[in-house]
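Enquirer:
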Amino acid sequence: MKKQPFHISGKLHLTGTSRFIADEAPLAGMLHAKFFYAPVAHAKVLELDISKAAAIPGVERVVTAADIPGDNQIGHVIKDEPLFPEQEIMYLGQPLAMVLASDELLAEDAAKLIRLEYEELPPLLEIDAADAKGEWYIPERKIEIGEVAKALAEAAFTLQGVTESAAQEHFYMESQRCRAVPGEGRTLTLYTATQSTMEVQEVMSHVLEIPSHHIIVDVPRLGGAFGGKERSATLWACLAGLGAFLTQKPVQVLLTREEDMRSTGKRHPFKSSWKVGFDASGRISALDIELLSNGGAYADLSIAILERALFHADNAYHIANARIRGRACRTNLPPNTAFRGFGAPQGVFVIEAIMERIARKLGLDPLELRQNNVYRSGDLTPYGQPVRESNLRELLDKLRRNSSYDKLKEEVQAFNSDHEFARQGLGIVPVKFGISFTTALLNQASALLWVYIDGSVSLTTGGVEMGQEVSTKCALVVSRVLGLPLQRIRVESNNSQRVGNASPTAASTGSDLNGNAARIAAEKLRDQLIPVAREMLARQGVDCGAGEIRFEDNQVWCVSDPDQRVEFAALVREAYNARVPLAAYGYYRTPGLHFDRERGQGNPFHYYVCGCALAQVEIDLLSGEHRVLKTFIVHENGNSLSEEIDRGQIIGAFVQSAGWCTIEELPQDETGRYLAVNPSTYKIPTVRETPIHLEVEIVPAGAEYASVFGSKATGEPPYIYGLAIWFAIQNAVWSVNPAAELRFPATPEAVLLALE
Ligand code: LUZ
Ligand code: MOS
1 MKKQPFHISG KLHLTGTSRF IADEAPLAGM LHAKFFYAPV AHAKVLELDI
51 SKAAAIPGVE RVVTAADIPG DNQIGHVIKD EPLFPEQEIM YLGQPLAMVL
101 ASDELLAEDA AKLIRLEYEE LPPLLEIDAA DAKGEWYIPE RKIEIGEVAK
151 ALAEAAFTLQ GVTESAAQEH FYMESQRCRA VPGEGRTLTL YTATQSTMEV
201 QEVMSHVLEI PSHHIIVDVP RLGGAFGGKE RSATLWACLA GLGAFLTQKP
251 VQVLLTREED MRSTGKRHPF KSSWKVGFDA SGRISALDIE LLSNGGAYAD
301 LSIAILERAL FHADNAYHIA NARIRGRACR TNLPPNTAFR GFGAPQGVFV
351 IEAIMERIAR KLGLDPLELR QNNVYRSGDL TPYGQPVRES NLRELLDKLR
401 RNSSYDKLKE EVQAFNSDHE FARQGLGIVP VKFGISFTTA LLNQASALLW
451 VYIDGSVSLT TGGVEMGQEV STKCALVVSR VLGLPLQRIR VESNNSQRVG
501 NASPTAASTG SDLNGNAARI AAEKLRDQLI PVAREMLARQ GVDCGAGEIR
551 FEDNQVWCVS DPDQRVEFAA LVREAYNARV PLAAYGYYRT PGLHFDRERG
601 QGNPFHYYVC GCALAQVEID LLSGEHRVLK TFIVHENGNS LSEEIDRGQI
651 IGAFVQSAGW CTIEELPQDE TGRYLAVNPS TYKIPTVRET PIHLEVEIVP
701 AGAEYASVFG SKATGEPPYI YGLAIWFAIQ NAVWSVNPAA ELRFPATPEA
751 VLLALE
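Heads up, the sequence shown is in this note's numbering, so the first residue is 1 and it goes up one at a time.
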């Protein structure tokens, strides 16, 4: 395929003309929603008094749990989450009542007049405390292979420890929002910033007790999501929908940054204990690991996130004897939720921390140690899925060459012996990331394609555009099947009337699933047009077999006579005249997936994405600050649909992960209040923190088994690369004090504490 640098949204974003929800002018009679939020993390509700707020002129209505026509329930996987809590407040910032007024500031002022009487209960905030009380959404999950106890007993060396990683705020540019518009016959249209139109529709229908077909969900595009709108968006969409349904007026919910940061869940913090057995060469023979996560007040996606963490506790390494257990713990924090990587970064961080400790104990080179342990083709993962084609050793070889590793190591050593107040360090992380929703039923997608009479194409898929350019990738697929220039294909908003029952755009599968559905729709349409094309060519004297028709360059012709051509638009016009359908529906499901949760065995993934990264950092021993000097990434990406877009995803994921590992911190006070709720106290990386020297090599591979046209997913796997920076900082710290314990994230404060 011709690799065309093409990006549907690029120009729109750069010129400020891309349109987001709530960019449209306010609708006539539209009401603004503002909320009364729980002032404490855990409490019994005694009385909620809305009378003063409701009496303010200009307040249309104050909505509470008592007004919900159907189920006061928005839980999806587990039904444990009320829209408005009635008896028990479960987290600080939980909405308890909604004020609707024509003026936003008036709504905000009125919300302040709501009075709550409550009896405070002790909040559970920490993983240990929740685990000790048995506060789990479901019992422990386990994956096991071989005989761990025996292998640990027989190992030449063992190590054990506890490894923690921290929360991360999504910090999508566009906050949570929804505009709900009532329609004829008690129908409702939700323009909502969600990754999951299906979930919003389904949950809304239960809340309002109306059928799903009365609820239309439309998503034009999102200003970033990163998992923070896979589930969390449902609450705000249902609140807007409820308001619009009750008042029969348009209602807009639009959170401020502070409301969003205070009330929405984060990446799950994990605390994991482990024991590892290995030989003198550093080859791991046994791993016993227990992953505990802080899930927050409601189950949300915590179980699936824990499961993905279990699936990635091996990362890139073949371990013959492994026991991987996990428990997701309920606490009184906003429900922690999906965030790029979905538990995998937390699982990978643990095994990589173990690798560094083995290297330190045995005095081995961290890159060689890893190379010595990586999967070879055909090895089994702890959950019994064979790693079909492992190129991890070769990718690490490439990384070694690209970074001039041996020379770089010497330079770092020389620097460290020359400098009193600065140190350098190297960090290396490989990745093997499993692609597919681990909930097998979600691995399905649909696409609807129309060709209009002028030959231009309208495509709707279930893929939500959130900056990752799933729309460009789907357009590339259709362009390839129908031989059309990309400008002839318009990718529409997501809309439940055009594509129903769409899985969330998540799990890095957006382009795989929706691209395949689009491919199938385009192939059907092409097959509908082929008989018409043969007739038209026959009139030009070409007798063409059905298999010999080619669609390319906006034209159709026969391989036997490329000189006789028909314009695509002329073909479409002819097809219309001949009453041939000019629409097609494509449906795709990922083949070969199965997983037995009881036994912890199966094939949860369609394929893996592999790669590796190396980072060189310098720390200032007086301030604790670090700088990333150089980064090298080697990323295997199958037969990419767009290397330019993939490169953007790789660099973006790396920088976002570097933020998690080094500068983003979410301290809470002892009452469960997040202390960083806006950008003045929460720092995400910007171009300033992006290393100037960042070399990304995208390695193609003939992975026909991967996905659409042999391409591979890109959204989440490269997030793992940022961990290399944390390990580089740790190595710089260890060069001063080999026994130092570095916290996560490696903030300047953490570095100084470790150096003490
Ligand atoms: N969402 C989900 C995900 O429901 N299941 C998954 O396996 C997943 N993986 C990554 C991101 N979101
Ligand atoms: Mo996700 S963490 O919405 O793929």
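For every residue, glycine included, the Cβ atom is placed at its ideal position computed from N, Cα and C.
The structure presented is a predicted model; accordingly, all values stated were derived computationally and were not measured.
Is it right to say G541 is buried, meaning 16 or more other beta carbons lie within 10 angstroms of its own, or is it exposed?
Expert: In the sequence shown, counting from the first residue as 1, residue 541 sits at position 541. G541 comes out exposed.
Enquirer: Curious, which full-length alpha helix (DSSP H) runs of at least 4 residues does the segment 345-403 contain?
Expert: Those alpha helix (DSSP H) runs which fall completely within the segment 345-403 and span 4+ residues are 366-373 and 392-402.
Enquirer: Let me check understanding here. Comparing Cα to Cα, which of A313, R330, Y317 and N332 lies closest to I324?
Expert: To locate residue 324, count along the sequence shown from 1; it is residue 324. Ranking the options by Cα distance to I324, first place goes to A313.
Enquirer: I'd like to confirm something about S232: is its beta-carbon nearer than 7 Å to some heavy atom of ligand 2, or not?
Expert: Translated into the one-based positions of the sequence shown, residue 232 becomes position 232. No, the beta carbon of S232 sits no closer than 7 Å to any heavy atom of ligand 2.
Enquirer: For the alpha helix (DSSP H) that R519 lies in, which residues bound it at each end?
Expert: Position 519 of the sequence shown, counted from the first residue, corresponds to residue 519. Start and end: G510 to R539.
Enquirer: Can you tell me whether A359 is buried or exposed? The criterion is at least 16 other CB atoms within 10 Å of its CB, across all chains shown.
Expert: Taking the sequence shown and counting its residues from 1, one reaches residue 359 at position 359. A359 should be labelled buried.
Enquirer: In whole angstroms, what separates the C-alpha of P206 from that of N336?
Expert: The residue you call residue 206 lines up with position 206 of the sequence shown. The residue you call residue 336 lines up with position 336 of the sequence shown. The sequence as given places His at residue 206; Pro does not occur at that position. Straight-line Cα distance between these residues: approximately 23 Å.
Enquirer: Are A43 and I89 close, meaning C-beta to C-beta below 8 Å?
Expert: The residue you call residue 43 lines up with position 43 of the sequence shown. The residue you call residue 89 lines up with position 89 of the sequence shown. Yes, the Cβ-Cβ distance between A43 and I89 is below 8 Å.
Enquirer: When the Cα of L629 is compared with those of G710, I725 and R565, which residue comes out closest?
Expert: On the sequence shown, residue 629 is found 629 positions in, with the first residue counted as 1. When only C-alpha atoms are compared, the closest one is I725.
Enquirer: Are there three or more Cβ pairs, one per stretch, closer than 8 Å when the segment 139-154 is compared with the segment 648-659?
Expert: Contact fails: fewer than three Cβ-Cβ distances are below 8 Å.
Enquirer: Kindly indicate the opening and closing residues of the alpha helix (DSSP H) around H635.
Expert: The residue labelled residue 635 in the question sits at position 635 within the sequence shown. Where H635 is concerned, there is no enclosing alpha helix (DSSP H), although the beta strand (DSSP E) it sits in stretches over H626 to E636.
Enquirer: If you measure between the beta carbons of I100 and A107, is that distance less than 8 Å?
Expert: The residue you call residue 100 lines up with position 100 of the sequence shown. The residue you call residue 107 lines up with position 107 of the sequence shown. For the record, residue 100 in the displayed sequence is Leu; it is not Ile. Their beta carbons are under 8 Å apart, which means L100 touches A107 by this criterion.
Enquirer: Could I get the ranges of all uninterrupted beta strand (DSSP E) runs contained in the segment 463-517, with 3 residues as the minimum, in chain order?
Expert: Counting whole runs of 3 or more residues, the segment 463-517 contains the beta strand (DSSP E) stretches 489-491.
Enquirer: So if I measure from each beta-carbon to every heavy atom of ligand 2 and keep distances below 7 Å, which residues remain?
Expert: Result: Q195, A225, F226, G227, E230, A338, F339, R340, G341, F342, P504, A506, A507, S508, G715 and E716.
Enquirer: Where does the unbroken alpha helix (DSSP H) through E574 begin, and where does it stop?
Expert: Taking the sequence shown and counting its residues from 1, the one referred to as residue 574 is at position 574. Per DSSP, E574 belongs to the alpha helix (DSSP H) from F568 to N577.
Enquirer: Exposed or buried, what is E352 when buried is set at 16 or more other beta-carbons lying within 10 Å of its beta-carbon?
Expert: Counted from its first residue, the sequence shown places residue 352 at position 352. Buried is the call here.
Enquirer: Below 8 Å between beta carbons: does that hold for H693 and S436?
Expert: Counting from 1 along the sequence shown, the entry for residue 693 is found at position 693. Counting from 1 along the sequence shown, the entry for residue 436 is found at position 436. No, these two residues do not count as a Cβ contact at 8 Å.
Enquirer: Could you tell me which of N731, L675 and P57 sits nearest to V258, measuring between CA atoms?
Expert: Within the sequence shown, residue 258 is the residue found at index 258, counting from 1. Val is not the amino acid found at residue 258; the sequence shown has Glu there. Cα-wise, what sits closest to E258 is L675.
Enquirer: Go ahead and pull the three-state DSSP assignment for C610.
Expert: To locate residue 610, count along the sequence shown from 1; it is residue 610. Three-state result, C610: strand.
Enquirer: Is the beta carbon of F437 within less than 7 Å of some heavy atom of ligand 1?
Expert: For the purposes of this step, residue 437 is identified with residue 437 of the sequence shown, where counting begins at 1. Within the cutoff, so yes.
Enquirer: For A517 versus A445, is the C-beta distance shorter than 8 Å?
Expert: Taking the sequence shown and counting its residues from 1, one reaches residue 517 at position 517. Taking the sequence shown and counting its residues from 1, one reaches residue 445 at position 445. Against a cut-off of 8 Å, the Cβ pair of A445 and A517 comes out as a contact.
Enquirer: Which word fits S175, buried or exposed, when buried means at least 16 other C-beta atoms lie within 10 angstroms of its C-beta?
Expert: As a working note, residue 175 is residue 175 in the sequence shown. Flag for S175 reads buried.
Enquirer: Measure from the alpha carbon of L582 to the alpha carbon of each residue in H594, V374 and G455, then state which is nearest.
Expert: Reading the sequence shown from its first residue, position 582 is the one you call residue 582. Among H594, V374 and G455, the Cα nearest to that of L582 is on G455.
Enquirer: Identify every run of the beta strand (DSSP E) within the segment 178-231, keeping only runs that are complete inside it and at least 3 residues long; order them along the chain.
Expert: The segment 178-231 contains these whole beta strand (DSSP E) runs: 187-192 and 215-219.
Enquirer: Would you identify the three-state DSSP class for S9, choosing helix, strand or coil?
Expert: Counting from 1 along the sequence shown, the entry for residue 9 is found at position 9. In the structure shown, S9 sits in coil (DSSP, three-state: anything other than H, G, I, E or B).
Enquirer: Check each candidate in P220, V556 and P182 and name the one with the smallest Cα separation from G467.
Expert: Looking up residue 467 in the sequence shown gives position 467. Comparing Cα-Cα distances from G467 to each of P220, V556 and P182, the minimum goes to P220.
Enquirer: Could you give the residue range of the alpha helix (DSSP H) that holds R308?
Expert: Indexing the sequence shown from 1 puts residue 308 at position 308. Element bounds for R308: S302 to F311.
Enquirer: Counting pairs of beta carbons, one from the segment 363-382 and one from the segment 585-597, are three or more of them closer than 8 Å?
Expert: Flag = no, the segment 363-382 and the segment 585-597 do not touch.
Enquirer: For F595, report the span of its beta strand (DSSP E) as first-last.
Expert: Numbered from its first residue, the sequence shown carries residue 595 at position 595. Counting along the chain, the beta strand (DSSP E) containing F595 begins and ends at H594 to D596.
Enquirer: Per DSSP, which one or two residues make a beta bridge with E144?
Expert: If you number the sequence shown from 1, residue 144 lands on position 144. In the DSSP output, where bridge partners are listed per residue, E144 has R323.
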